[in-house]
Amino acid sequence: MNVLNTKYNFWLAKSKINSFGKVPIYMRITVGTERTEISTGIYINIKNWDDKRQSIKGKDIDVDINNAKLDTLVKSFKLSVKELIDNEVDYTSESLKNKILGKDVVYKSLIPIFESHLKKMEELEGKDYASSTVKRYKTTLTHVQEFIKYKFKQNDVLLSHLNLSFVNELEHYFKTVKNCNHNSSVKYIKNLRSVINQAVANGFIEKDPFANYKAKIKPVEMEFLNEAEIAKIEEKQFDIARMENIKKIFLFQIYTGLAYVDIENLRKSNIVEVQGKKWINTSRTKTNIPVRLPLIKKALELIDLTISGDKIFNVPSNQKFNSYLKELGTICGINKNLCTHMARRTFATTITLLNGVSIDAVSKMLGHTKISTTQIYAKVVDEKLLKEMEKIDE
13 MNVLNTKYNF WLAKSKINSF GKVPIYMRIT VGTERTEIST GIYINIKNWD DKRQSIKGKD
73 IDVDINNAKL DTLVKSFKLS VKELIDNEVD YTSESLKNKI LGKDVVYKSL IPIFESHLKK
133 MEELEGKDYA SSTVKRYKTT LTHVQEFIKY KFKQNDVLLS HLNLSFVNEL EHYFKTVKNC
193 NHNSSVKYIK NLRSVINQAV ANGFIEKDPF ANYKAKIKPV EMEFLNEAEI AKIEEKQFDI
253 ARMENIKKIF LFQIYTGLAY VDIENLRKSN IVEVQGKKWI NTSRTKTNIP VRLPLIKKAL
313 ELIDLTISGD KIFNVPSNQK FNSYLKELGT ICGINKNLCT HMARRTFATT ITLLNGVSID
373 AVSKMLGHTK ISTTQIYAKV VDEKLLKEME KIDE
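In this note's numbering, the protein residues as written are 13 to 406.
Next up, the structure:
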């Protein structure tokens, strides 16, 4: 923000003399090295201009009226600058001009745009957006606000100031100051990009600052449990009710592929009978995609449909659940980072694909919106089979 380098002055455009021998007065606005002009609409004789006092002199009947117009512009200039400074909003000579003329866009800066976008998401939470998605956007907004304060020492930036340099600096901030890994950083920027895309579509910003941003999600090694590791968990008996509950929930996830939030929301009413077999009939909370899958024997053994109430499991918070899973892994001697999503990956690989279930069927049971998502698991399975076959050659 160029607070100390913001100034104005009136000047005569002598090259634009009209047929009455008068020239127009312009207000020049300078912000740093940038400048722009506002036409005052006032024409005077050159001899009637007092450049030192920046006012019109003479005894013409309209001198006082025109000087009052100039005073009004000066007051508007000072008030506009004060508002921008008080709100810690960065500005250019052009945006200051628009504010003086009352033409500034309602969403002239980044944070109000993001907050408006987030508010609409919250209104559609549970319909068009999963709670986890809304939460990620809230986190992204917080990170972007902190970045602006860290980098620019202010609370907001103009949309017109967003460019590739801003995006690259933000990514660097995520990876260094916030200590995010590459994929997390790119995902946060992807969230911001969707907000900016709306701003571009609505005409709030002319150029897409992400146009030349090329960073992509890097493939990561996908961990899942093998049959021997699943057996270790199944065979382990716990005297502590909390750990026995965690074990049952995790194994049920492994045998159904349900995500954490879908296990949490699972009710007895979601268990239906089809041709003498028990099925789960629900929808993925994240995508609202219908999910129907038959319950195999091992999954049925983990639930009690005779207990009171409609909830099937007493599920702790996601944070506590993952913490307990790490404890479960240590107790069972499994040298992998157990987490709720590992159960879903294990269902897709060890339980289904490695047992010959078609990729189309697995995709439907997982509630994937695209088959390409399921194909990632198929690739992992192929790589595992290749490694196993290579052992034979050895």
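Even glycine gets a Cβ: it sits at the ideal position worked out from N, Cα and C.
Quantities reported herein were computed from a predicted structural model and do not represent experimental measurements.
Exposed or buried, which one is residue i when buried takes at least 16 other CB atoms within 10 Å?
i: Y119; result: Low per-residue confidence applies at Y119: pLDDT is 47, beneath 50, and the placement is therefore not dependable, though the value from the model is reported in the following sentence. Classification of Y119: buried, given that the 10 Å Cβ count is 16 or more.
i: K28; result: exposed
i: G9; result: This structure leaves residue 9 out entirely; the chain is present only between 13 and 406.
i: H380; result: buried
i: Y8; result: Not covered by the structure: residue 8. The range shown for the chain is 13 to 406.
i: N203; result: buried
i: G368; result: exposed
i: R296; result: buried
i: N30; result: exposed
i: T364; result: buried
i: P221; result: buried
i: V35; result: buried
i: Q251; result: According to the sequence displayed, residue 251 carries Asp and not Gln. D251 comes out exposed.
i: A25; result: exposed
i: D72; result: exposed
i: G341; result: buried
i: D102; result: buried
i: L317; result: exposed
Check residue i in the structure and name its three-state DSSP category.
i: K323; result: strand
i: G341; result: helix
i: F333; result: helix
i: T104; result: coil
i: M39; result: strand
i: I112; result: helix
i: D62; result: strand
i: S478; result: Lying outside 13 to 406, the shown extent of the chain, residue 478 is not represented and no answer is given.
i: F22; result: strand
i: R296; result: coil
i: D168; result: strand
i: V369; result: coil
i: V230; result: The sequence given here has Lys at residue 230, not Val. The answer is coil: DSSP assigns K230 none of H, G, I, E or B.
i: T362; result: helix
i: I97; result: helix
i: P124; result: helix
i: I242; result: helix
i: Y119; result: Reliability of the predicted coordinates at Y119 is poor, the pLDDT of 47 falling under 50, and the value obtained from them is presented with this limitation in mind. Coil at Y119, not helix or strand.
i: Y185; result: helix
i: K382; result: coil
i: T45; result: coil
i: K348; result: coil
i: E235; result: coil
Quick one: what's got a C-beta closer than 6 Å to residue i's C-beta in the same chain, skipping five residues either side?
i: T18; result: V43, V93
i: I68; result: I56, N60, V75, N78, N79
i: Q66; result: F22
i: G33; result: none
i: Y336; result: I258
Am I right that residue i and residue j are in contact with their C-beta atoms under 8 Å? What's the rounded C-beta distance?
i: I407; j: I54; result: As shown, the chain starts at 13 and ends at 406. That puts residue 407 outside it, with no answer to give.
i: Y200; j: T152; result: 5 Å
i: L91; j: F22; result: So it is not a contact: roughly 18 Å between Cβ atoms.
i: T294; j: D274; result: 6 Å
i: L378; j: T386; result: 6 Å
i: E183; j: A243; result: 43 Å between Cβ atoms; not a contact.
Considering only residues of the same chain and omitting the five flanking positions on each side of residue i, which have a CB-CB separation below 7 Å?
i: E100; result: Q166, N167, D168
i: L130; result: Y149, K150, L153
i: L46; result: Reading off the sequence shown, one finds Glu at residue 46, where the question assumed Leu. Closer than 7 Å at Cβ, skipping near neighbours: T104, S105.
i: I301; result: S295, G379, T381
i: M39; result: Y20, F22, E49, I50, T52, L85
i: L312; result: K290
Just to confirm before moving on: does the CB-CB distance between residue i and residue j stay below 8 Å?
i: K187; j: S177; result: no
i: N195; j: Y272; result: no
i: G288; j: A360; result: no
i: S370; j: I383; result: no
i: K109; j: I41; result: yes
i: L305; j: K290; result: no
i: F264; j: I245; result: no
i: T362; j: E239; result: yes
i: I319; j: K248; result: no
i: E137; j: S143; result: yes
i: I208; j: L174; result: yes
i: S88; j: I125; result: no
Below 8 Å CB to CB, which residues in the same chain sit around residue i once its five sequence neighbours on both sides are set aside?
i: E235; result: K348, N349, M354, R357
i: I160; result: L122, I123, Q166, N167, D168, V169
i: N277; result: T294, T297
i: R279; result: D322, K323, I324
i: E241; result: C344, I346, K348
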